[in-house]
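Note sheet for the following structure.
In UniProt numbering, the protein residues as written are 1 to 257.
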């Protein structure tokens, strides 16, 4: 395929993905906003006022970056896993497999759609957080970098989940038993420095811990771990899942009958 044809294939897939989640905005954009607003209200306002400041910031200010990152993670993952599995279930994915479109273009198209949805939801949630407290962004570049890379990573993870899934029940196993525990144990509601030594070491094996802390550093300038280390961990996981997804397409695992 020529460069122009590749661009047409990519933009067509992105338009399809964006159009899909905008058509059902009540299911894709509203629920995470409502859920996170309840977190702001319950943990930030009701409970947070009884918790002493962390590193000079109120509890509400401390948890905002983590909650925004939570919506980015869940939105990007859910977008690819639902969209791709839907195409797979309807056997529409066979059209992708027999087309001359390179696998990396197909992957990039799905990932871009998930990225746009995740960033849109993240911006909405952050905007709502301003009604609860004042918070500034100290390092905008770091915030944007970690938001984009995290959305890409979990879009790739959602794609892998959809490829392996054989029925609708399978697409809920990973987010329920792996993604959700890792997210809530990644330091959204607390600093790992307050944990006993054993649990502090356990947290260091949680990749989401690095993403949340890198994102929090962009907002508040504080982090429980080196920002460069967080960036390296995030980069390695992005590369790992990108290669894994391409290999799954290449071998046709879970895609060809």
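In this text, a Cβ means the ideal position worked out from N, Cα and C, and glycines have one as well.
Nearest-angstrom Cβ-Cβ length linking residue 113 and residue 17, presumed shorter than 8 angstroms: Start at 1 with the first residue of the chain shown, and residue 113 comes out as number 113. Start at 1 with the first residue of the chain shown, and residue 17 comes out as number 17. Right, the Cβ-Cβ distance comes to about 2 angstroms (below 8 angstroms), so this counts as a contact.
CB-CB length for residue 117 against residue 76, believed under 8 angstroms: As a working mapping, residue 117 is identified with position 117 in the chain shown. As a working mapping, residue 76 is identified with position 76 in the chain shown. So it is a contact: roughly 7 angstroms between Cβ atoms.
Nearest residue (CA-CA) to residue 200, options 225, 240, 97, 82: Against the chain shown, residue 200 aligns to sequence position 200. Among 225, 240, 97, 82, the Cα nearest to that of residue 200 belongs to 225.
Cβ contact check for the region 94-101 and the region 54-74: 3 or more pairs under 8 angstroms: no
Local conformation of residue 173 per DSSP, three classes: Translated into positions along the chain shown, residue 173 becomes position 173. DSSP places residue 173 in helix when its eight states are reduced to three.
Reference residue 44; option with closest CA among 69, 64, 143: Sequence index remark: in the chain shown, residue 44 carries index 44 (1-based). Selected option, being the one with the closest Cα: 64.
Contacting residues, own chain, Cβ-Cβ under 6 angstroms from residue 214 (five flanking each side not counted): Walking along the chain shown from the start, residue 214 turns up at place 214. Counting only Cβ-Cβ distances below 6 angstroms, and skipping sequence neighbours, we find 146, 227, 230.
Assigned exposure category for residue 217 - 16 Cβ within 10 Å defines buried: Translated into the one-based positions of the chain shown, residue 217 becomes position 217. Buried.
DSSP three-state assignment for residue 148, whether helix, strand or coil: Numbered from 1 along the chain shown, position 148 holds the residue referred to as residue 148. It is helical.
Buried or exposed (CB count within 10 angstroms, at least 16 for buried), residue 288: Given that the chain is displayed from residue 1 to residue 257, the structure contains no residue 288 and the question cannot be resolved.
Identified DSSP bridge partners for residue 57: Your numbering for residue 57 matches position 57 in the chain shown. According to DSSP, residue 57 bridges with 54.
7 angstroms Cβ shell around residue 180 - same chain, five flanking residues per side excluded: Within the chain shown, residue 180 is the residue found at index 180, counting from 1. Taken in chain order, the list of residues that qualify is empty.
Expected contact under 8 angstroms - CB spacing of residue 78 and residue 26 to nearest Å: The residue labelled residue 78 in the question sits at position 78 within the chain shown. The residue labelled residue 26 in the question sits at position 26 within the chain shown. With a Cβ gap of about 14 angstroms, residue 78 and residue 26 do not count as contacting.
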